[in-house]
Amino acid sequence: MRVDLFDFDLPRELIADRPAEPRDAARLLVVGEKLADRMVAELAGVLRPGDLLVVNDTRVIPARLTGKRGNAGIEATLHKRRDDQTWDAFVRPAKRLRPGDNIRFAGDLRAEVIGKGEAGEVTLRFDRAGADLLAALERHGAMPLPPYIRRASGPDPRDRTDYQTVFAERPGAVAAPTAGLHFTPALLQALETAGIGRVSVTLHVGAGTFLPVKADDTRDHRMHAEWGLLSAETASAINAARAKGGRIVAVGTTALRLLETVSDPAGRIAPFSGETDIFITPGYRFRAVDLLLTNFHLPRSTLFMLVAAFSGLRRMRAAYDHAIRAGYRFYSYGDACLLHPHAEPPPQP
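With the working numbering as the guide, the letters of the sequence shown map in order to residues 554 to 902.
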């Protein structure tokens, strides 16, 4: 399928640099047979009693590091954990790095290059592991904001809170599951009062999820694998909610991708622990998810392809055109949309 089918123009001024205050003051575009302009704070009234939210409880780590190899400056963004001591990272400049090189990120944090991949990717083995490594990242790292959030000074202390959801518990993501950024304690209370349930899954989001697709055809794009966890208790709760007629509402494309990974053809969910590299494009038949709450995504990205698969490319193009005309705020810190499924013939490959 041609990647340019998923391209569109977005005015730079619509890219949000900060989240709404409070977070549930963000706008919500409901995308169904018709478009409806709402607010995230109204979500409890938009959903039904018996619906079940599935949220991602991953926690973003300060994965952006600066250091030196000898006298040469190095910037590294960790994007995939291999084990307690080893991470794959995007590095600049990477051209002269070789296996065996040592990078000094701080007085008490160093790493050795033990492998080199494509497009500026290397594998780093740190001089510490587990909780000690996470503590060092908290001291010396910065939040890995997406490149479209442009600030002269880079991420700041406020981003440590802003780029973290209220559900964040399990450290390991290097990008936020951004649909979850809209939730507040007040909104969670309203949802509970309205009889709308909530369960958590974990998908440690990698930086590759949000990158534009550089291939000309979707068949030539390679998805980065991400590690996920869905417990037996959560699987049982999801299956029970659906059996009672409740709708499964994925909060974010990350939750949706994990649910679709672990569902059988009848839509039943099974416990899971492992990696997924599922790549969803138009023509995919959804089995586990009835509604999707998500942000507005980049052109030519795997995420815009996913929402086009869920609600139809023509419908999503119309929704994005409306959002641009109405001044919705886009991307990670931007507004949200609630998508109803809509089957359309997939675009011609």
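C-beta: ideal position from N, C-alpha, C; glycine also. No experiment lies behind these values; they were computed from the predicted model shown.
Check, Outcome
"Cβ pair Val608, Ser753 closer than 8 Å", "yes"
"Cα-Cα separation between Ala695 and Lys767, rounded to whole angstroms", "27 Å"
"Cα-Cα separation, Gly653 to Phe679", "12 Å"
"Buried versus exposed call for Asn655 [16 or more other C-beta atoms within 10 Å across all chains shown]", "exposed"
"Where the beta strand (DSSP E) containing Pro724 begins and where it ends", "Arg723 to Ala726"
"Buried/exposed call for Thr746, threshold 16 Cβ in 10 Å", "exposed"
"Reference Asp888, options Leu846, Glu586, Glu691 and Thr814, closest by Cα", "Leu846"
"Validate contact between the stretch 600-607 and the stretch 723-733 using beta carbons, cut 8 Å, 3 pairs", "no"
"Given Leu812 as reference, the closest of Arg838, Lys797 and Gly798 once Cα atoms are compared", "Arg838"
"CB contact flag (Ala879, Asp590, <8 Å)", "yes"
"Contact under 8 Å by Cβ, Ala647 with Leu677", "no"
"Limits of the alpha helix (DSSP H) - the one that Asp495 falls within", "The structure shown does not extend to residue 495, since the chain is modelled only from 554 through 902, so no value can be given for it."
"Those residues which DSSP pairs with Glu828 across a bridge", "Trp780"
"CA-to-CA distance, Arg711 to Ala705, given in whole angstroms", "15 Å"
"Alpha-carbon to alpha-carbon, Leu596 and Leu690", "36 Å"
"Through-space distance from Phe561 to Trp780, alpha-carbon basis", "31 Å"
"Contacts around Leu744, its chain only, beta-carbon distance under 8 Å, and the 5 residues preceding and following it disregarded", "Leu596, Ala597, Leu600, Leu606 and Arg751"
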